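Just so you know, this note's numbering puts 149 at position 120 of the sequence shown, and the rest follows in order with no gaps. Taking it in order: structure first as structure tokens, then the write-up.
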Amino acid sequence: MNYIISNIIPIGAATFAGVIILFAGFRSRLRGAILAAATLALFWLAAILAGALILAPVNASPWTVALGSAFIIWIGFVLPALSIALSLRGHPWLISLADATWWLAIMLTQSAVMHSVGLVKPSLASETIGSPRP
């Protein structure tokens with residue numbers, strides 16, 4: 030969890046970017062407790078993505094690693110879990126796919142924001158991943 034404290038600025042920026050994307054599609058439903066819960070969930074998603082980006086092997090270009098990590102997590106965890114849960118509740122497949130696509134957009138955006146701001150490896154505070162923070 031030390032990496033969350035070390036990277037509070039990029040994680041916070043990614044959380045804000047995720048909230049903006051949610052507002053674009055669900056503005057009328059994001060009020061009070063739902064907005065607070067969504068913001069907390071987006072913060073946690075950004076924190077997990079930050080951990081994945083910090084631990085990702087660098088065998089490709091930094092942007093490929095950043096966006097590829099978000100896509101792999103989405104296709105491996107978010108898409109199957111969301112599509113199964115929504116299908117079990119009787120939602121049509123196209124609605125499930127549309128909802129999952131929102132989360133893909135959020136994850137790619139959060140990953141791009143954190144990569145652009147720069148993530149700090151907690152064990153080597155001077156080493157950054159992506160663009161260095163000012």
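Note that the Cβ used here is the ideal one computed from N, Cα and C, for glycine as well. If you're wondering where the values come from, they're calculated on a predicted model, not measured in any experiment.
{"Query": "Residue environment, Ile40, which counts as buried when at least 16 other CB atoms sit within 10 Å", "Result": "buried"}
{"Query": "Beta carbon of Ala167 nearer than 9 Å to that of Ile124", "Result": "Only positions 30 to 163 of the chain appear in this structure, which leaves residue 167 out of reach."}
{"Query": "Residue closest to Trp132, alpha-carbon to alpha-carbon, out of Val94, Ser57, His144, Ala99", "Result": "Ala99"}
{"Query": "CB contact flag (Pro151, Ile83, <9 Å)", "Result": "yes"}
{"Query": "Residue from Trp92, Ile33, Ile49, Phe55 with nearest C-alpha to Ser140", "Result": "Trp92"}
{"Query": "Residue environment, Met30, which counts as buried when at least 16 other CB atoms sit within 10 Å", "Result": "exposed"}
{"Query": "From Val146, Leu96, Thr44, residue whose alpha carbon lies closest to that of Thr68", "Result": "Thr44"}
{"Query": "Asn36 beta carbon less than 9 Å from that of Ala85", "Result": "no"}
{"Query": "Phe84 - partner residues in DSSP beta bridges", "Result": "Before going further, note that residue 84 is Leu rather than Phe in the sequence given. DSSP, once it has assigned bridges, lists no residue as partnering Leu84."}
{"Query": "Reduced DSSP secondary structure (H/G/I, E/B, other) of Leu117", "Result": "helix"}
{"Query": "Whether Ile50 touches Thr130 by CB criterion (9 Å)", "Result": "no"}
{"Query": "Val48 versus Leu71 - alpha carbon distance", "Result": "7 Å"}
{"Query": "6 Å CB neighbourhood of Val107 in its chain, flanking five on each side removed", "Result": "Trp132"}
{"Query": "Pair within 9 Å by beta-carbon distance, Val142 and Ala42", "Result": "yes"}
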